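Data first, discussion second: the structure below is written as structure tokens.
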Amino acid sequence: MNVVARTIAALVASCILAAVSGAALAAPSGKPIRIGSTLALTGPLAATGQVHKIVGEIYVEQLNAKNGLLGRPVEWIVRDDQSKPDLARTLYEQLITVDKVDLVIGPYATGAILSAMGVAQRYDKLLIHHTFGIPNLAKYERQFPTWSLGPEPQNTFPNTVLDALAASPKPPKTIAVVTSKFPSVHFLSLGAREVAKKRGVKEVLFLEWEFGNRDYGPIAARIKEANPDFLWVGAIGLEGNQLIEAMKKLDYMPKEHFYLYPAPGPMVKSPDANYALAGTIFEEHPPFTSNPQAEAFIKVFNERAAKAGLPDTAVDTQAAASYSTWQVLEAAVTATKSLDDKVLAAWLKKNEVGTIQGILRFNGPNNYGDDLMRVKQVQNGRWVVVWPKSVAAPGAKLLVP
Amino acid sequence: MNVPSATLLGQAILSGIFIGALYAVLGLGLSLAWGLLGQINLAHFAFAFLGAYLTYQLATVGGLDPLFTLALIAPAFFALGVAMQWLFTRFRVSPLNSLLVTFGLTVIVETLIQAIWTADFRRLESGYADVRLRIGTLFVPLPELLTLGIAIALSLSVWAVLRYTDVGRSMRAAAEDAPIAAAFGVNERLLAYVLSGVCAMLAGAAGLCLALSQTLAPAQIYAWIGVIFAVVMMGGPGRALGPLAAGIVIGVSEAVTMAVTAPAWAPVVSFTLLILLLLLRPGKT
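Line by line, the protein sequences are chains A and B. So that you can map any letter, position 192 of the first sequence is 191 in numbering that gives the first Met the number 0, and since no number is skipped, the others follow by simple counting. So that you can map any letter, position 196 of the second sequence is 195 in numbering that gives the first Met the number 0, and since no number is skipped, the others follow by simple counting.
Here it is, written out as structure tokens:
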């Protein structure tokens, strides 16, 4: 049974279980289960932090509308870490020692998660987290990642991207790797260099810039001069758009170009970004939307995000990873009927959990399972997954202009 | 080290001139406030971004031409500058304290921007964005060309006012020695209000340039502080043409560095230039 079929089977089973038990559900009662976390609600990461806040609020509402957790209502205590890992560390200390929350879940972004992980380790707490980008740094045995990168994304994901291109109408013979030095981006770009070399794709340019670079004109000019068949851009957030704009100003656009972690909304809306590729774990089309839970979540998220004034209201990697975190937490608590961090961690190590992004398992190195990163492409103003074929949008394939 | 072609080098130099012009527009008001008012006004960056967001709003929702928005933003920002100067005068804020007070103002403005426009990215899609001229093998984008034009026009205008008008001479005299200037009939307090208003207007103009060529996010306010302070220090606080010259020197040095070696070295080169200039220039203090 392939990954998608297993995911759908797991989700259908969950829905049947929920429906059967639903008849007996009553409003949750008793002392609330308090779950603590921080999020980047202000500061440079706030745009994405808001996504995680909306997802958490939706999930907690949905939990409490059912029977809560273990029949008790759920209270989510979320603090603003201001996009600062050092502040996240302090706030997690407070959540555990002063607020005495029952459970903690992760903050947003690798730096803050690493801080929270240290605190969780000090107090032997379970930490399920959304979007940690450097798996080999996740050493704590009770941390569980729900962004399914796999233990060695620097090898697996560039291979996925180059597999997609190899199956395209114009497999690239040359590659330019240009990358931000942002930590969780940089190591993947270095991995892409190695993978390309092993696969016989000739590197014609390699450039690195400091995160926060303001002028992409000279970088675009060097890419234009190198004129690669395929451009790998180790970009995070707006960097991808900035480079696309700079290349457009030189009347140049590579035929095949990939952006690692772009700000998805601005990129898909950019008229110059058509055919741009990027990584994802979830998009708003089948087969991802083939289960009712994902479909219902998308509808609510779209409404809430619009109400919150977010320019991009679509569910993609961030929202899906965030939702998966709550799904994994709920699954572990429900299955063990426990809030004991040790019991929950032991259960997660041994069991798979069906989520909206696919089946997650945590029995690999550093509790990572499969690399579920997929390749998506901007086609006619929307993101569609084009690779692997098993999760591609119906009828979609990688297009080369 | 990469040996660049003439086209690559030419395009990099052009890119450096354009980003240098943006540095100059952002640095001009900051330089005047520092040199002539004795204020290290960190809020200048927040005002510039507020101006950029207002430009975005007026052009996107209001349907105005982005350049025309300045006609509305400039007077409003003049009033904002005057109000800030009133605050400084009322509470006798010292130069060092101005750094702290304006940092606080920056955080407040950032929070305000985030509350209104969210923390997400905003991009002004204007009719200028896609226009670019071609000169031989080089490309000249119109938004950046407009920024260069605005930078030159504002720098020359401010320079001419300071050099050739009574108001300008009075401002320089008050900055040099306020009691003596007052003895000659210079109304220092009134001039400070005017100058503060003008500096805020310049922040509004910088906002227009930011909106024309950059994607906006509230947290990016802080991304410009280091390099713009370098521009102001290199150009000399209070000198109208200083930010333009220093901005272009820094912009071009960064761009050429990116063209011939790793782009990650660009900030190192520009700040090394600043340190060397501060150490070696005649009459250094």
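Note that the Cβ used here is the ideal one computed from N, Cα and C, for glycine as well. These numbers come from a predicted model, not from an experiment.
CA-to-CA distance, residue j to residue i, given in whole angstroms
{"i": "B:T6", "j": "B:A20", "result": "21 Å"}
{"i": "B:V259", "j": "B:V2", "result": "6 Å"}
{"i": "B:W33", "j": "B:S93", "result": "12 Å"}
{"i": "A:S20", "j": "A:A39", "result": "Interpretation of A:S20 is limited by its pLDDT of 45, a score under 50 that renders its predicted location unreliable; the figure taken from the coordinates is listed afterwards. So the two alpha carbons sit approximately 36 Å from each other."}
{"i": "A:K349", "j": "A:I32", "result": "24 Å"}
{"i": "B:L35", "j": "A:D79", "result": "39 Å"}
{"i": "A:V346", "j": "A:S323", "result": "With the sequence shown as reference, residue 346 of chain A is identified as Trp, and Val is not the correct amino acid for it. Straight-line Cα distance between these residues: approximately 16 Å."}
{"i": "B:L31", "j": "B:L147", "result": "19 Å"}
{"i": "B:W158", "j": "B:G237", "result": "10 Å"}
{"i": "A:N273", "j": "A:V267", "result": "8 Å"}
{"i": "B:T271", "j": "B:S125", "result": "37 Å"}
{"i": "A:A462", "j": "A:M372", "result": "The requested residue 462 of chain A does not occur in the structure, where chain A is confined to residues 0 to 400."}
{"i": "A:F287", "j": "A:V390", "result": "8 Å"}
{"i": "B:A180", "j": "B:G37", "result": "16 Å"}
{"i": "B:A173", "j": "B:G15", "result": "36 Å"}
{"i": "B:I151", "j": "B:G241", "result": "11 Å"}
{"i": "B:L13", "j": "A:L242", "result": "16 Å"}
{"i": "B:S269", "j": "B:I249", "result": "5 Å"}
{"i": "B:V139", "j": "A:K248", "result": "8 Å"}
{"i": "B:A112", "j": "B:L49", "result": "Residue identity differs from the one stated: residue 112 of chain B is Ile in this sequence, not Ala. C-alpha separation (whole angstroms): 7 Å."}
{"i": "B:T88", "j": "B:V81", "result": "10 Å"}
{"i": "B:G225", "j": "B:L123", "result": "25 Å"}
{"i": "A:A191", "j": "A:H185", "result": "10 Å"}
Residue span of the alpha helix (DSSP H) that contains residue i, given as start and end
{"i": "A:R33", "result": "No alpha helix (DSSP H) contains A:R33, which is instead part of the beta strand (DSSP E) from I32 to L38."}
{"i": "B:L287", "result": "Lying before the first or after the last residue shown, residue 287 of chain B is absent from chain B, which here runs from 0 to 284."}
{"i": "A:Y260", "result": "First-last for A:Y260: E255 to P261, but that is the beta strand (DSSP E), not the alpha helix (DSSP H)."}
{"i": "B:I179", "result": "A177 to A182"}
{"i": "B:P140", "result": "Run containing B:P140: none in the alpha helix (DSSP H); it sits in the beta strand (DSSP E), L137 to P140."}
{"i": "B:S269", "result": "A265 to L279"}
{"i": "B:S291", "result": "In the structure as shown, chain B starts at 0 and stops at 284, and residue 291 of chain B therefore has no counterpart that could be examined."}
{"i": "B:I134", "result": "No alpha helix (DSSP H) contains B:I134, which is instead part of the beta strand (DSSP E) from R131 to I134."}
{"i": "B:G225", "result": "I224 to G234"}
{"i": "B:L111", "result": "P94 to W116"}
{"i": "A:T130", "result": "Element bounds for A:T130: n/a, residue is neither H nor E."}
Residue i, enclosing beta strand (DSSP E) - first and last residue
{"i": "A:K375", "result": "R373 to Q378"}
{"i": "A:Q407", "result": "There is no way to answer for residue 407 of chain A, as the model of chain A reaches only from 0 to 400."}
{"i": "A:R420", "result": "Any answer about residue 420 of chain A is impossible in this case: the structure gives chain A only from 0 up to 400."}
{"i": "A:I174", "result": "T173 to S179"}
{"i": "A:L359", "result": "G357 to L359"}
{"i": "A:R381", "result": "R381 to W386"}
{"i": "A:T155", "result": "Unbroken run through A:T155 is the alpha helix (DSSP H), P152 to A165; no beta strand (DSSP E)."}
- Indicate whether the contact test is met: 3 or more Cβ pairs, each with one atom in the stretch 123-139 of chain A and one in the stretch 92-103 of chain A, closer than 8 Å. By the Cβ rule, the stretch 123-139 of chain A counts as touching the stretch 92-103 of chain A, because three or more pairs are nearer than 8 Å.
- Message: I'd like to know if the stretch 64-77 of chain B and the stretch 216-231 of chain B are in contact, where contact means that at least 3 CB-CB pairs between them fall below 8 Å.
- Response: Between the stretch 64-77 of chain B and the stretch 216-231 of chain B, the count of C-beta pairs closer than 8 Å stays below three; the two stretches do not touch.
- Contained alpha helix (DSSP H) runs [length at least 4] in the stretch 291-339 of chain A, N- to C-terminal order: The stretch 291-339 of chain A contains these whole alpha helix (DSSP H) runs: 291-306 and 316-335.
- Item | Three or more C-beta pairs below 8 Å linking the stretch 44-64 of chain B and the stretch 245-263 of chain B | No, the stretch 44-64 of chain B is not in contact with the stretch 245-263 of chain B.
- Check whether the stretch 201-208 of chain B touches the stretch 385-399 of chain A, taking contact to mean three or more Cβ pairs, one atom from each stretch, closer than 8 Å. They do not touch, by the three-pair rule.
- Contact the stretch 83-99 of chain A vs the stretch 316-329 of chain A: 3+ CB pairs below 8 Å: Cβ pair count under 8 Å is below three, so no.
- At least 3 beta-carbon pairs within less than 8 Å: the stretch 51-66 of chain A vs the stretch 316-325 of chain A: The stretch 51-66 of chain A vs the stretch 316-325 of chain A: in contact.
- How about the stretch 121-138 of chain B and the stretch 58-68 of chain A: do they share at least three Cβ pairs that are nearer than 8 Å? Taking 8 Å as the limit for Cβ pairs, the verdict is that the stretch 58-68 of chain A does not touch the stretch 121-138 of chain B.
- Query: So, do the stretch 296-307 of chain A and the stretch 226-235 of chain A have three or more beta carbon pairs nearer to each other than 8 Å?
  - Reply: In this structure the stretch 296-307 of chain A does not lie against the stretch 226-235 of chain A, because fewer than three pairs of beta carbons, one per stretch, are closer than 8 Å.
- Query: Can you list, in chain order, the residues of the stretch 256-278 of chain B whose Cβ is nearer than 7 Å to any Cβ on chain A?
  - Reply: Taken in chain order, the members of the stretch 256-278 of chain B whose beta-carbon sits within less than 7 Å of a beta-carbon on chain A are M257, A258, A261, P262, A263 and P266.
- Query: Are at least three pairs of beta-carbons, each pair with one atom in the stretch 199-217 of chain A and one in the stretch 171-183 of chain A, less than 8 Å apart?
  - Reply: Short answer: they touch.
- Item | Sequence ranges, alpha helix (DSSP H) only - wholly within the stretch 197-249 of chain A, length at least 4 | Taking only runs of at least 4 residues, the alpha helix (DSSP H) segments lying wholly in the stretch 197-249 of chain A are 216-225 and 238-248.
- Anything in the stretch 297-324 of chain A with a Cβ closer than 8 Å to a Cβ of chain B? List those residues in chain order, please. For the stretch 297-324 of chain A, which is checked against every Cβ of chain B, the residues closer than 8 Å are A307, G308, L309, P310 and D311.
- Mind listing which residues of the stretch 208-232 of chain A have their C-beta closer than 9 Å to chain B's C-betas, in chain order? For the stretch 208-232 of chain A, which is checked against every Cβ of chain B, the residues closer than 9 Å are W208, E209, G211, N212, R213, D214, Y215, G216, P217, I218, A219, A220, R221, K223 and E224.
- Query: Okay, do the stretch 247-259 of chain A and the stretch 274-281 of chain A touch, 3+ Cβ pairs below 8 Å being the bar?
  - Reply: They touch, by the three-pair rule.
- Query: At which residue ranges does the stretch 37-116 of chain A contain complete alpha helix (DSSP H) runs of 4 or more residues, listed in the order of the chain?
  - Reply: Qualifying alpha helix (DSSP H) stretches, in chain order: 45-64 and 84-96.
- Message: Taking beta-carbon pairs under 7 Å, can you tell me which members of the stretch 135-150 of chain B lie near chain A?
- Response: The residues in question are F138 and P140.
- Give the residues from the stretch 110-132 of chain B that approach chain A closer than 9 Å (Cβ to any Cβ), ordered along the chain. Contact residues of the stretch 110-132 of chain B toward chain A are T110, Q113, I115, W116, T117, A118, D119, F120, R121, R122, E124, A128, D129 and R131 (C-beta to C-beta distance below 9 Å).
- Please list the residues of the stretch 30-58 of chain A that have a C-beta atom closer than 7 Å to any C-beta atom in chain B, keeping them in chain order. So the close ones are T41, G42, P43, A45, A46 and Q49.
- Query: If contact means a Cβ-Cβ distance below 7 Å, which residues of the stretch 171-189 of chain A contact chain B?
  - Reply: Within the stretch 171-189 of chain A, the residues whose Cβ lies closer than 7 Å to some Cβ of chain B are K180, listed in chain order.
- Task: Check each residue of the stretch 230-250 of chain A: if its Cβ is closer than 9 Å to any Cβ of chain B, include it; give the result in chain order.
- Result: Legend: CB atoms of the stretch 230-250 of chain A lying less than 9 Å from CB atoms of chain B belong to residues G236, L237, N240, Q241, E244, A245, K247, K248, L249 and D250.
- For the 8 Å Cβ check, are there 3 or more pairs between the stretch 194-201 of chain A and the stretch 242-253 of chain B? No, because fewer than three Cβ pairs between the stretch 194-201 of chain A and the stretch 242-253 of chain B fall closer than 8 Å, the two stretches do not touch.
- Determine contact between the stretch 144-162 of chain A and the stretch 355-365 of chain A, defined as no fewer than three beta-carbon pairs at a distance below 8 Å. Cβ pair count under 8 Å is three or more, so yes.
- Message: By the 8 Å beta-carbon criterion, what residues does the stretch 250-266 of chain A contribute toward chain B?
- Response: Those residues of the stretch 250-266 of chain A that come within reach of chain B (Cβ to Cβ, closer than 8 Å) are D250, A262, G264 and P265.
- Task: Quick one: which residues of the stretch 64-88 of chain A get their C-beta closer than 7 Å to a C-beta of chain B? List them in chain order.
- Result: Within the stretch 64-88 of chain A, no residue has its Cβ closer than 7 Å to any Cβ of chain B.
- Scan the stretch 221-241 of chain B for residues whose Cβ lies nearer than 7 Å to a Cβ of chain A and list them as they occur along the chain. From the stretch 221-241 of chain B, only A222 have a Cβ closer than 7 Å to chain A.
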